[in-house]
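In the numbering used here, the protein residues as written are 64 to 595.
Here the structure comes first, spelled out in structure tokens, and everything after it is commentary.
Rendered as structure tokens:
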């Protein structure tokens, strides 16, 4: 947050359940709070404050909020898929990846204004003869698009704007799963020769030097290029910490599909019902699950302690191994939905059907199948059950658009299996988003930068008068408040016996019988020099 990097927030429309992203335009730093971990059935986790809002359905199919501390056992909304990035790109600018001090730029049409002052005369003649300049001698704003880049004292060149092709995505994914990198080379090893051939074919198109080594157990391929090693290391890292780069989520969808395929071909298992990626890196597991959601796949994450022998390296390994499952259909994950029982009863009544009529229309043998759902005998039902209800009532002409949104919108539901207190106490932030340049529309006790000041934590027994509600706009944009908008709530608690010291004149209460908004009168207290 302190770096204020450009970012977008994922949100959903409560009316349509459409998932979208919006640019984060500002943020507000709050005091430190205890952090809690919310864990879902899929293995996905989110860290929140104790009073963080999660979302589920009410009896009428509307969106309702649950505080995080009350969410255990509840089915809450998660994105079924993530929208494509609106700022997506089809290339990588290698000037963002390479070190200017060790990079040479080449352009047959020249460069314009070059600062040669720091380049020795002899080297200057060499650069000019080669139609080249040191990268650090040319301002970024003056650098042409149509150039090539290379390490100094190296003949390997690449275009400044490297095309994000599906084969590039696969090669990067395979490197993340199976590769290692040194300063001047990349190396991958695998028992499947066809995977290594595919990796080699990608670099062959750039005339990159390759070296092969093979024994009885394994085949290794070395890409002999300091330039390619730098590109892959800058994007995905090296060693045990290799992971999917953050920028990848702005890449085209076809590239992301092959990136995932490269990961699975390198260190995964493919089955008829699901694919599984294995890794000892929890960050890679988390980003792979994010990638699966981005590609409209149902993902789940789990881990366990393992001891295994790695034939390729001929070493024994023990530690926590993570597995990420990818499914193209619901199977056992994400198929349950909270029961909107009142909505279903309303649809049946509009269809002018008795329970037995509805049961026959849906292929059930007894009306109890309808009664159990409408009377909320179950907390959740399968999606296919809701589809039966929808289809039966839609055939009679009932407008079942809310069920359409629940079943076909951008959200699905997962059970919260645990809410756990962590040992982290950290600053928290409120994000300001401004969809399509219009009025801020955030969730939580107001909108966007609007906060409710808790000036009166409670109304004491015996109080009479009007209550002052104070609103503060701490954001950078105006916020419109409309009549009927929900902006606060009152909670009433019944006392078991009369108050011993009721609010009022006898105890010096300052706000009794107040009319209209009143400013704070705390200055009248003795600790602030007053007499009360």
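All C-beta atoms in this analysis are idealised placements derived from N, C-alpha and C, irrespective of residue type, glycine included.
Could you give the first and the last residue of the continuous alpha helix (DSSP H) run that contains residue 409? Numbered from its first residue, the chain shown carries residue 409 at position 346. Note, residue 409: alpha helix (DSSP H), 404-413.
Would you identify the three-state DSSP class for residue 510, choosing helix, strand or coil? Walking along the chain shown from the start, residue 510 turns up at place 447. Low per-residue confidence applies at residue 510: pLDDT is 32, beneath 50, and the placement is therefore not dependable, though the value from the model is reported in the following sentence. Here residue 510 sits in coil by DSSP.
What are the complete alpha helix (DSSP H) segments, minimum 4 residues, inside the region 188-270? 229-241, 256-267
Enumerated in chain order, which unbroken segments of the alpha helix (DSSP H) with a length of 4 residues or greater are wholly contained in the region 340-375? 345-357
Per the contact definition of three or more C-beta pairs closer than 8 Å, is the region 115-127 in contact with the region 269-288? no
Below 8 Å on the Cβ atoms is my guess for residue 307 versus residue 350; work out the distance and round it to an integer in Å. In the chain shown, residue 307 corresponds to position 244, counting from 1. In the chain shown, residue 350 corresponds to position 287, counting from 1. Yes, residue 307 and residue 350 are in contact; Cβ-Cβ is about 4 Å, under 8 Å.
Using only the alpha-carbon positions, how far apart do residue 177 and residue 109 sit? Translated into the one-based positions of the chain shown, residue 177 becomes position 114. Translated into the one-based positions of the chain shown, residue 109 becomes position 46. Residue 177 and residue 109: Cα-Cα distance of roughly 50 Å.
Have a look at residue 253 and residue 451 and give me their C-alpha separation to the nearest angstrom. Against the chain shown, residue 253 aligns to sequence position 190. Against the chain shown, residue 451 aligns to sequence position 388. Rounded to whole angstroms, residue 253 to residue 451 spans 48 Å at the Cα level.
Residues that DSSP places opposite residue 140 in a beta bridge: By one-based count along the chain shown, residue 140 stands at place 77. 476, per the DSSP bridge assignment.
The beta strand (DSSP E) enclosing residue 277, as first and last residue numbers: As a working mapping, residue 277 is identified with position 214 in the chain shown. Looking at the DSSP string, the run of the beta strand (DSSP E) that includes residue 277 is 273-277.
What would DSSP say about residue 579, mapped onto helix, strand or coil? By one-based count along the chain shown, residue 579 stands at place 516. The answer is coil: DSSP assigns residue 579 none of H, G, I, E or B.
Tell me which residues share the same chain as residue 301 and place their Cβ nearer than 6 Å to its Cβ, disregarding the 5 neighbours each side in the sequence. Walking along the chain shown from the start, residue 301 turns up at place 238. Closer than 6 Å at the Cβ level, and outside the excluded window around residue 301, lie 244.
Where does residue 430 sit, in a helix, a strand or coil, going by DSSP? Position 367 of the chain shown holds residue 430. DSSP places residue 430 in coil when its eight states are reduced to three.
Can you check DSSP and say which residues form a bridge with residue 314? Stepping through the chain shown from its first residue, residue 314 is reached at position 251. Its beta-bridge partners do not exist; DSSP assigns none.
By how many angstroms is the C-alpha of residue 552 removed from the C-alpha of residue 422? In the chain shown, counting from the first residue as 1, residue 422 sits at position 359. In the chain shown, counting from the first residue as 1, residue 552 sits at position 489. Roughly 41 Å separates the two Cα atoms.
Run the CB neighbour count on residue 521, radius 10 Å, all protein chains shown included, and call it buried at 16 or more, exposed below. Indexing the chain shown from 1 puts residue 521 at position 458. The residue in question, residue 521, is exposed, as its Cβ has fewer than 16 Cβ neighbours within 10 Å.
Assigned secondary structure, residue 338 (DSSP; H/G/I helix, E/B strand, else coil): As a position in the chain shown, residue 338 is number 275, starting the count at 1. In this structure, residue 338 counts as strand in the three-state DSSP scheme.
So residue 413 and residue 461 are in contact, right, with Cβ under 8 Å, and what is the actual spacing, rounded? For the purposes of this step, residue 413 is taken as residue 350 along the chain shown, with counting starting at 1. For the purposes of this step, residue 461 is taken as residue 398 along the chain shown, with counting starting at 1. Correct: roughly 5 Å between the Cβ atoms.
Measuring straight from C-alpha to C-alpha, what distance separates residue 214 and residue 297? On the chain shown, residue 214 is found 151 positions in, with the first residue counted as 1. On the chain shown, residue 297 is found 234 positions in, with the first residue counted as 1. Those two C-alpha atoms are separated by around 15 Å.
Quick check: what's the CA-CA separation for residue 489 versus residue 97? Taking the chain shown and counting its residues from 1, one reaches residue 489 at position 426. Taking the chain shown and counting its residues from 1, one reaches residue 97 at position 34. Their backbone Cα atoms lie some 7 Å apart in a straight line.
State the beta-bridge partners of residue 283 as determined by DSSP. For this step, residue 283 is matched to residue 220 along the chain shown. Paired residue(s): 252, 276.
DSSP three-state call for residue 74: helix, strand or coil? What you label residue 74 is simply residue 11 of the chain shown in a count that begins at 1. Residue 74 falls in the strand class under three-state DSSP.
Look up residue 320 in the DSSP assignment and say whether it is helix, strand or coil. On the chain shown, residue 320 is found 257 positions in, with the first residue counted as 1. Residue 320 falls in the helix class under three-state DSSP.
Candidates 163, 168, 483, 433: which alpha carbon is nearest residue 448's? Position 385 of the chain shown, counted from the start, is the residue given in the question as residue 448. Minimum Cα distance to residue 448 is reached at 433.
Secondary structure at residue 8, three-state DSSP: helix, strand or coil? Past the edges of the chain, shown from 64 to 595, lies residue 8, and the structure says nothing about it.
In chain order, what residues of the same chain lie with their CB nearer than 8 Å to the CB of residue 287, ignoring the 5 residues before and after it? One-based indexing of the chain shown puts residue 287 at position 224. So the list reads 247, 248, 271, 272, 273, 274, once near-sequence residues are dropped.
Specify the secondary structure class of residue 172 as computed by DSSP and reduced to three states. As a first step, residue 172 must be located in the chain shown, where it is residue number 109. Residue 172 falls in the coil class under three-state DSSP.
Give the range of the alpha helix (DSSP H) segment to which residue 419 is assigned. Mapped onto the chain shown, residue 419 falls at position 356. Segment 418-425, the alpha helix (DSSP H) holding residue 419.
For the beta strand (DSSP E) containing residue 399, list its first residue and its last residue. Residue 399 sits at position 336 when you count from the first residue of the chain shown. 399-401 is the extent of the beta strand (DSSP E) around residue 399.
Simplified DSSP state of residue 177, which is helix, strand or coil: Position 114 of the chain shown, counted from the start, is the residue given in the question as residue 177. Residue 177: coil per DSSP, three-state reduction.
Quickly, what does DSSP pair residue 490 with across the bridge? List them, please. Residue 490 sits at position 427 when you count from the first residue of the chain shown. BP columns for residue 490 point to 95.
Distance between beta carbons of residue 196 and residue 166, contact taken as under 8 Å: Against the chain shown, residue 166 aligns to sequence position 103. Against the chain shown, residue 196 aligns to sequence position 133. The Cβ separation is near 10 Å, so there is no contact.
Using a 10 Å radius around the Cβ and a threshold of 16 neighbouring Cβ atoms, would you call residue 516 buried or exposed? Taking the first residue of the chain shown as 1, we reach residue 516 at position 453. The predicted position of residue 516 is uncertain, since its pLDDT is 42 and thus under 50; a value taken from the coordinates is nonetheless stated next. Result: exposed.
Neighbour-count burial assignment, residue 331, 16 or more Cβ in a 10 Å radius: Taking the chain shown and counting its residues from 1, one reaches residue 331 at position 268. Looking at its Cβ environment, which holds 16 or more other Cβ atoms inside 10 Å, residue 331 is buried.
Decide yes or no for the touch test of the region 82-89 against the region 66-74: beta carbon pairs closer than 8 Å, at least 3 of them. yes
Per DSSP, what are the beta-bridge partners of residue 382 in this structure? Position 319 of the chain shown, counted from the first residue, corresponds to residue 382. Partner(s): 369.
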